[in-house]
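> Below you'll find the structure I mean.
There are 2 protein chains.
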Amino acid sequence: MGEGYHAHWGSPHAEANAIAEAGRKAKGATAYVTLEPCGHGGKTPPCADALIRAGVKEVVYAHADPNPETAGRGPQRLRAAGVTVRRQGRAPKYVRELLQPYLAHLECRRPWVIAKWAMTLDGRIATRSRDSRWITAEKTRRWTHRFLRARVDAILVGAGTVLTDDPALTNRSGRGRQPLRVVVCGRRPLWPRARVLSDGGPTLLVVPQQFRAPPDVDVAVCGQLWKVDPHRLLGELYDRGLRRVLVEGGGELLGSMFDAGLVDQAAVFLGPRIVGGISAIQAVAGRGRARMAEALELEHVVHHTIGPDQVIEGYVNWASGNR
Amino acid sequence: MGEGYHAHWGSPHAEANAIAEAGRKAKGATAYVTLEPCGHGGKTPPCADALIRAGVKEVVYAHADPNPETAGRGPQRLRAAGVTVRRQGRAPKYVRELLQPYLAHLECRRPWVIAKWAMTLDGRIATRSRDSRWITAEKTRRWTHRFLRARVDAILVGAGTVLTDDPALTNRSGRGRQPLRVVVCGRRPLWPRARVLSDGGPTLLVVPQQFRAPPDVDVAVCGQLWKVDPHRLLGELYDRGLRRVLVEGGGELLGSMFDAGLVDQAAVFLGPRIVGGISAIQAVAGRGRARMAEALELEHVVHHTIGPDQVIEGYVNWASGNR
Chain A
331 MGEGYHAHWG SPHAEANAIA EAGRKAKGAT AYVTLEPCGH GGKTPPCADA LIRAGVKEVV
391 YAHADPNPET AGRGPQRLRA AGVTVRRQGR APKYVRELLQ PYLAHLECRR PWVIAKWAMT
451 LDGRIATRSR DSRWITAEKT RRWTHRFLRA RVDAILVGAG TVLTDDPALT NRSGRGRQPL
511 RVVVCGRRPL WPRARVLSDG GPTLLVVPQQ FRAPPDVDVA VCGQLWKVDP HRLLGELYDR
571 GLRRVLVEGG GELLGSMFDA GLVDQAAVFL GPRIVGGISA IQAVAGRGRA RMAEALELEH
631 VVHHTIGPDQ VIEGYVNWAS GNR
Chain B
331 MGEGYHAHWG SPHAEANAIA EAGRKAKGAT AYVTLEPCGH GGKTPPCADA LIRAGVKEVV
391 YAHADPNPET AGRGPQRLRA AGVTVRRQGR APKYVRELLQ PYLAHLECRR PWVIAKWAMT
451 LDGRIATRSR DSRWITAEKT RRWTHRFLRA RVDAILVGAG TVLTDDPALT NRSGRGRQPL
511 RVVVCGRRPL WPRARVLSDG GPTLLVVPQQ FRAPPDVDVA VCGQLWKVDP HRLLGELYDR
571 GLRRVLVEGG GELLGSMFDA GLVDQAAVFL GPRIVGGISA IQAVAGRGRA RMAEALELEH
631 VVHHTIGPDQ VIEGYVNWAS GNR
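If you read the sequences in order, they're chains A and B.
Numbers 331 to 653, taken from the working numbering, label the letters of the first sequence in order.
Numbers 331 to 653, taken from the working numbering, label the letters of the second sequence in order.
Following this line, the structure appears as structure tokens:
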């Protein structure tokens, strides 16, 4: 017997892991899989071929793959090689939950969205004078580079955050890749000497309407009057091949993403300090929910402590908050 | 050798605990204590007498007791019984930190103040329509009754909280005592049919100016124009014998307490939900701090998980935030 799962995008699929664990016992065995085995080579070789080579006799799967690049091709190849292939009725709830991130991408044609913010114990991301340095400890900020920035294709921030913080938005962990920096602009023109526009690294400006951009800046128009439409924004990023993005704020951008129901995962960092003030800046602005029972709930929540700070991470429960 | 500490108000003092642990070995020993041993019987018998009975030969203490009820009396009794008593120079920083809560009471003549709030992961204590039911799970709310409400002399809330939530503000844990309910009023008149005024339990109304109160309601005037002065409020509570109070909100009351530098300890409850909205209600209002570097820091922070929720507790660092 062998078991396996797909750890993350670009790594071996569940089938390859299970075959490796089973070794010789795979010969003549039945493979039970959640998603139909793929029949195309993407980041990894097709799983159908691996199952055939391993001598698997039968494959039972729970959910068809809606990805047009592979749908039906895996089962077809398996059958052509004499392997029995069965789909086991309707996929049970836990299988659908497990596959949700993958299915969401394909069905909605948008990247997986992680919302991240650091806040004080009274829930502020900046003081009334928009000062946010620093809420968490240096160790915690290094952690976010290594475990968040190094693992996404793009980092999104609003133009207001660029104006007040002038962040570099780079992955300074020394590992993984450099995410594309995406600045979402509204009415506010972007400060041309901002670090993200002047340090030579790639940056994408997303604007609501065509405007005179500096000549060598990449611009995408995703607007509705004076506001960038979050659905069009994510569609644009998906079309550019970005599959996993990190939204780092400010509150206005996070609010519009939450209001549009487009956040899949959240990572909240809490520094042990209290800033107070009726006009201090909140983490998630926008319209929000009228009733607490409509709040979006996180599930599969994990907490960890990094130095003096706390991190709370979880997946947005798609069934909560009438989303 | 024996060690001991004073766990909480009303329980045996450190000396009694250390003597119990040392047993017979206390005879002829030297006792090292932070605060001078007390010479009066309060909630527990005088420590000086216990030390004498145990046969301690010498007592070294780090900090004199400023409490006029006992100051100097313990050392005097000890010396009269032939025990050598020495004060060890100036109290080191960690001793002063350890004694801070006790010293604060005596020096400032005000109760120890615990601020408590439950908030969403985006730092809100209510939605834009002031709905706050519920942010945390029932299990967590039961925990607050047992470990916070049952252990304080009074619970303070603002009149706004009474208007929107109409809370009972009772300790429903089945343990400990019933705290006095204190409602801090501002311009807003208190709803006369509010539960805290009509359920027969004791409630104290704190108002900025004399007004026509319902005949059988206990009223204290602690005002400055239209606003209750938080220093006068705490002085009044201290004079009524209340030594440990819990401020449960709303944001306006918590803000005025934090602005006045009157919070000693904070307990923040986080429910795994996100409500969003630019006009959702924040945990700590008031004026707040202009710079993040001026934020009040918590120290000796502990985190714990209760069901789906997180609790972060700590002591306000008196040296932080230029308080």
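Cβ atoms here follow ideal geometry from the backbone N, Cα and C, with glycine treated the same way.
Determine the direct distance from the alpha carbon of A:LEU510 to that of A:ASN501, and round the result to whole angstroms.
Whole-angstrom Cα-Cα distance: 10 Å.
> Hey, out of B:VAL487, B:GLY579, B:GLY332, B:MET587, whose CA is closest to B:ARG617's CA?
Minimum Cα distance to B:ARG617 is reached at B:MET587.
> Between the segment 617 to 648 of chain B and chain A, which residues of the former have a C-beta closer than 7 Å to a C-beta of the latter?
So the list reads ARG617, GLY618, ARG619, ALA620, ARG621, MET622, ALA625, LEU626, GLU627, LEU628, VAL631, HIS633, THR635, PRO638, GLN640, ILE642, GLY644, given in the order they occur along the chain.
> Kindly indicate the opening and closing residues of the alpha helix (DSSP H) around A:ILE636.
From DSSP, A:ILE636 is part of no alpha helix (DSSP H) but of the beta strand (DSSP E) over 626 to 636.
> Taking B:GLY664 as the reference, which of B:GLU578, B:ASP639, B:VAL551, B:LEU436 has the closest Cα?
Any property of residue 664 of chain B remains undetermined from this structure, which presents chain B solely from 331 to 653.
> Can you tell me whether B:TRP473 is buried or exposed, with buried defined as 16 or more other CB within 10 angstroms of its CB?
Flag for B:TRP473 reads buried.
> Please list, in chain order, the residues of the segment 437 to 459 of chain A that have any C-beta partner in chain B closer than 9 Å.
So the list reads ALA445, TRP447, MET449, THR450, LEU451, ASP452, GLY453, ARG454, ILE455, ALA456, THR457, ARG458, SER459, given in the order they occur along the chain.
> Starting from A:ILE455, follow the alpha helix (DSSP H) in both directions and report where the run begins and ends.
Taken as a continuous stretch (DSSP letters only), A:ILE455 belongs to no alpha helix (DSSP H), being part of the beta strand (DSSP E) at 454 to 456.
> Given a cut-off of 8 Å, decide if A:VAL641 and A:ALA597 are closer than it, judged by their beta-carbon atoms.
Their beta carbons are under 8 Å apart, which means A:ALA597 touches A:VAL641 by this criterion.
> Considering only their Cβ atoms, is the gap separating A:PRO441 from A:TYR568 smaller than 8 Å?
In this structure, A:PRO441 lies closer than 8 Å to A:TYR568 by Cβ.
> Drop a sphere of 10 angstroms on the beta-carbon of A:GLU333, count the other beta-carbons inside from all chains shown, and report buried for 16 or more, exposed for fewer.
Exposed: under 16 other Cβ atoms inside 10 Å.
> Could you spell out the range, first to last residue, of the beta strand (DSSP E) harbouring A:TYR362?
Unbroken beta strand (DSSP E) run through A:TYR362: 360 to 365.
> Looking at the structure shown, is B:VAL605 part of a helix, part of a strand, or coil, going by DSSP?
Coil, per DSSP.
> Run the CB neighbour count on A:TRP556, radius 10 Å, all protein chains shown included, and call it buried at 16 or more, exposed below.
Exposed, because fewer than 16 other Cβ atoms sit within 10 Å of the Cβ of A:TRP556.
> Looking only at DSSP bridge pairs, what is B:VAL386 linked to?
The partner list for B:VAL386 (beta bridge, DSSP) is empty, contrary to what the question assumes.
> Hey, quick one: how far does the beta strand (DSSP E) through B:ILE465 stretch, first residue to last?
Unbroken run through B:ILE465: none, as it is neither H nor E.
> Measure the beta-carbon distance from B:THR360 to B:GLU388 and round it to whole angstroms, keeping in mind my assumption that it falls under 8 Å.
Yes, B:THR360 and B:GLU388 are in contact; Cβ-Cβ is about 4 Å, under 8 Å.
> Which residues bound the beta strand (DSSP E) around A:ARG523?
Note, A:ARG523: premise wrong, no beta strand (DSSP E); not H, not E.
> Sort A:GLY358, A:GLU643, A:GLY644, A:VAL605 by Cα distance to A:SER462 and report the nearest one.
Of the candidates A:GLY358, A:GLU643, A:GLY644, A:VAL605, the one whose C-alpha sits nearest the C-alpha of A:SER462 is A:VAL605.
> Identify the contact partners of A:ALA467 in chain B, using a Cβ-Cβ distance below 9 Å as the criterion.
Here the premise fails: no neighbours, minimum Cβ distance about 11 Å.
> What separation, rounded to the nearest whole angstrom, lies between the Cα atoms of B:ARG653 and B:ASN647?
Any reading at B:ARG653 needs caution, since the residue's pLDDT is 43, under 50, leaving its predicted position unreliable; the model's value is listed next. Distance between the alpha carbons of B:ARG653 and B:ASN647: 9 Å.
> For a contact meaning CB atoms closer than 7 Å, what does B:GLY506 contact in chain D?
Among the protein chains of the structure shown, namely A and B, there is no chain D.
> For the candidate residues B:VAL614, B:LEU626, B:LEU584, B:ILE611, whose alpha-carbon lies nearest to that of A:ARG603?
Of the listed residues, the one whose Cα sits closest to A:ARG603 is B:LEU626.
> Does any CB atom of chain B fall closer than 8 Å to the CB of A:PRO560?
Not one chain B Cβ lies under 8 Å of A:PRO560.
> Short of 6 Å in beta carbon distance, which residues of its chain neighbour A:ILE382, apart from the five on each side in sequence? Order them along the chain.
Correct list, in chain order: ALA411.
> Can you give me the start and stop residues for the alpha helix (DSSP H) that B:GLY489 sits inside?
A quick correction: the sequence has Ala, not Gly, at residue 489 of chain B. Where B:ALA489 is concerned, the enclosing alpha helix (DSSP H) stretches over 489 to 495.
> State the beta-bridge partners of B:PHE700 as determined by DSSP.
For chain B, the structure presents residues 331 to 653; residue 700 of chain B sits outside this window and is missing.
> Please compile the residues from chain B whose C-beta is within a distance smaller than 7 Å of the C-beta of A:SER462.
Going along chain B in sequence order, the residues near A:SER462 (Cβ under 7 Å) are MET622.
> Spell out a yes or no on whether the segment 625 to 639 of chain A and the segment 486 to 505 of chain A are touching, meaning 3 or more CB-CB pairs, one atom from each, closer than 8 Å.
No, they do not touch.
> Relative to the alpha-carbon of A:PRO396, which residue among A:ARG573, A:MET622, A:VAL386, A:PRO367 has its alpha-carbon at the smallest distance?
For A:PRO396, the nearest C-alpha among the options comes from A:PRO367.
> B:PRO522 to B:ARG460, Cα distance in whole Å?
Rounded to the nearest angstrom, the two C-alpha atoms are 20 Å apart.
> How many Å lie between B:GLY531 and B:PHE599 at the Cα?
Each residue's alpha carbon lies about 27 Å from the other.
> Using only CA atoms, which one of B:ALA448, B:LEU576, B:ALA456, B:VAL390 lies nearest to B:GLN595?
Nearest option by C-alpha distance: B:LEU576.
> Run the CB neighbour count on A:VAL513, radius 10 Å, all protein chains shown included, and call it buried at 16 or more, exposed below.
With 16 or more Cβ atoms within 10 Å of its Cβ, A:VAL513 is classed as buried.
> Looking at the secondary structure, which residues open and close the beta strand (DSSP E) in which A:ASP548 lies?
From DSSP, the beta strand (DSSP E) with A:ASP548 extends over 548 to 551.
> Kindly list the residues whose CB is nearer than 6 Å to the CB of A:ILE444, restricted to its own chain and excluding five residues on each side of it in sequence; keep chain order.
Result list for A:ILE444: LEU576, GLN595, in chain order.
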